[in-house]
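Enquirer:
This is how it looks when you write it as C-alpha cells:
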C-alpha cells in the first residue's frame with residue numbers, strides 16, 4: 006500500500022489532505038473555501054479541481070458558493086480559481102480531453118470550460134432539478150448528469166453542447182460509473198435502494214440492481230465485472246456483480262459513508278465516513294477492510310494517486 010497517496014476532501018473544515026495509504030499519515034492539509042464537495046484531476050493528472058459548493062447539503066436554501074479551486078497536484082499549491090458567476094452551487098466536476106464539466110445545482114446547468122484558458126465555453130440548460138453529479142462517457146462524446154429532484158439522468162452532446170434526452174430513473178440518482186467500453190452507465194439511486202442500469206446506446210434504463218438502504222456513490226472495477234457501492238443509510242459497503250446484476254457481498258463500515266474512489270489499478274477501494282472522520286481501505290482481491298485512515302472533519306470525495314505521480 007506504500008505506493009498509494011489518497012487525496013481527501015474535508016467538507017466540514019474547508020480543506021483537503023494528502024494521505025499515505027499504508028501509514029494513514031496526513032502528509033499535508035490545504036485550505037479551501039467553505040464546503041468543498043467534489044474533486045477530480047485533469048486528464049494529465051497534474052492539476053486538482055475542487056468544487057466549492059458553499060453549503061453543506063443540497064437541502065440548504067442558501068445561495069452557496071461559485072468557485073472551482075485549481076491546485077497543482079505535486080506541490081498542493083493553489084494556482085487558479087474559476088469563478089462560475091451566476092451559476093452558483095457548483096457540485097459535480099469531471100474532465101475529459103481539454104474540457105472541464107461542472108454541474109450548477111441551483112441553476113439547472115452543465116458548465117463546460119476550456120482547461121487551458123479556463124474560459125466558459127457553454128452553459129447547457131438542463132431543465133432538470135438539482136443536477137448533482139456529472140460523468141463523461143469513455144469516448145468523450147456524451148456527458149451525463151444525475152438530477153436528484155427530477156429522478157433523471159440527462160445526456161448532453163459534448164460537441165454541440167446540447168441536451169440529447171432525459172432518462173427516467175428511480176428516486177434520488179447520485180453517483181455514476183461507466184462500463185469500460187461505455188455502453189452502460191450504472192447510477193446509484195439513494196432512496197430507491199437500487200442501481201439503475203442504463204443502456205447508453207438505447208438511451209434508457211434497462212434493468213436495476215437491488216441494494217441495501219442508501220446507495221450514494223459507485224465505482225467500477227477496471228474489467229467492469231464488479232461495482233463497489235457505499236450505503237449512506239446502512240453504514241455498509243456492497244459489492245455487486247455487473248453480469249448477474251446482484252449484490253454478492255456486504256461489509257460493515259462507519260456511519261454515513263458518503264464518498265468512494267478506486268485506486269488506479271483497481272486493487273483498493275476507499276470509503277469515506279464523514280461522521281467519524283475515517284476512510285476505510287477495502288481490498289478488492291481479498292474482500293475486506295485492511296486499514297482505516299483518520300482524516301480531517303467531514304471526509305467526503307477522494308482521488309487516489311500513485312506516489313510516483315508526486316515525484
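Numbering (the numbering used here), first residue to last: 6 to 316.
Ideal Cβ positions, reconstructed from N, Cα and C, are used throughout, including at glycine.
Computed from a predicted structure; not experimentally measured.
Indicate the three-state DSSP secondary structure (helix, strand or coil) for residue 66 in the structure shown.
Expert: Along the chain shown, one-based indexing puts residue 66 at 61. Per DSSP, reduced to three states, the secondary structure at residue 66 is coil, with no helix or strand assignment.
Enquirer: How big is the Cα-Cα spacing for residue 55 and residue 35?
Expert: Translated into positions along the chain shown, residue 55 becomes position 50. Translated into positions along the chain shown, residue 35 becomes position 30. Residue 55 and residue 35: Cα-Cα distance of roughly 12 angstroms.
Enquirer: Of all the options 255, 86, 71, which has the alpha carbon lying nearest to the alpha carbon of residue 77?
Expert: The residue you call residue 77 lines up with position 72 of the chain shown. Among 255, 86, 71, the Cα nearest to that of residue 77 belongs to 86.
Enquirer: Among residues of its own chain, excluding the 5 on either side of residue 145, which ones have a beta-carbon nearer than 7 angstroms to its beta-carbon?
Expert: As a first step, residue 145 must be located in the chain shown, where it is residue number 140. Here the set comprises 101, 102, 163.
Enquirer: Using a Cβ-Cβ cutoff of less than 6 angstroms, which residues in the same chain neighbour residue 79 once the five nearest sequence positions on both sides are dropped?
Expert: Indexing the chain shown from 1 puts residue 79 at position 74. Within the same chain, residue 79 has close Cβ partners 315.
Enquirer: According to the neighbour-count rule (16 or more other Cβ atoms, all chains shown, within 10 Å of its Cβ), is residue 52 buried or exposed?
Expert: Taking the chain shown and counting its residues from 1, one reaches residue 52 at position 47. Buried.
Enquirer: Just to confirm, are residue 108 and residue 93 a CB contact at a threshold of 8 angstroms?
Expert: Taking the first residue of the chain shown as 1, we reach residue 108 at position 103. Taking the first residue of the chain shown as 1, we reach residue 93 at position 88. No. Outside cutoff.
Enquirer: Taking residue 49 as the reference, which of 247, 104, 31, 60 has the closest Cα?
Expert: Here residue 49 refers to the residue found at position 44 when the chain shown is read from its first residue. Per the Cα distances, 104.
Enquirer: Which of helix, strand or coil does DSSP assign to residue 281?
Expert: Numbered from 1 along the chain shown, position 276 holds the residue referred to as residue 281. Reduced to three states, the DSSP call for residue 281 is coil.
Enquirer: Under the three-state reduction of DSSP, which class applies to residue 188: helix, strand or coil?
Expert: The count along the chain shown starts at 1 and reaches residue 188 at position 183. Reduced to three states, the DSSP call for residue 188 is coil.
Enquirer: So which of 37, 58, 106 has the shortest CA-CA distance to residue 82?
Expert: Working through the chain shown from its first residue, we reach residue 82 at position 77. Nearest option by C-alpha distance: 37.
Enquirer: Comparing alpha-carbon positions, which option in 285, 307, 304 lies nearest residue 28?
Expert: Walking along the chain shown from the start, residue 28 turns up at place 23. Closest by alpha carbon: 285.
Enquirer: What are the start and end residues of the beta strand (DSSP E) that includes residue 251?
Expert: For the purposes of this step, residue 251 is taken as residue 246 along the chain shown, with counting starting at 1. Here the beta strand (DSSP E) through residue 251 covers 251-257.
Enquirer: Do the region 224-231 and the region 263-272 meet, that is, are 3 or more Cβ pairs less than 8 angstroms apart?
Expert: yes
Enquirer: Check whether the Cβ atoms of residue 114 and residue 303 lie closer than 8 angstroms to each other.
Expert: The residue labelled residue 114 in the question sits at position 109 within the chain shown. The residue labelled residue 303 in the question sits at position 298 within the chain shown. Going by C-beta atoms, residue 114 is not nearer than 8 angstroms to residue 303.
Enquirer: By the 10 Å Cβ neighbour count, where 16 or more other Cβ atoms means buried, how is residue 195 classified, buried or exposed?
Expert: What you label residue 195 is simply residue 190 of the chain shown in a count that begins at 1. Classification for residue 195: buried.
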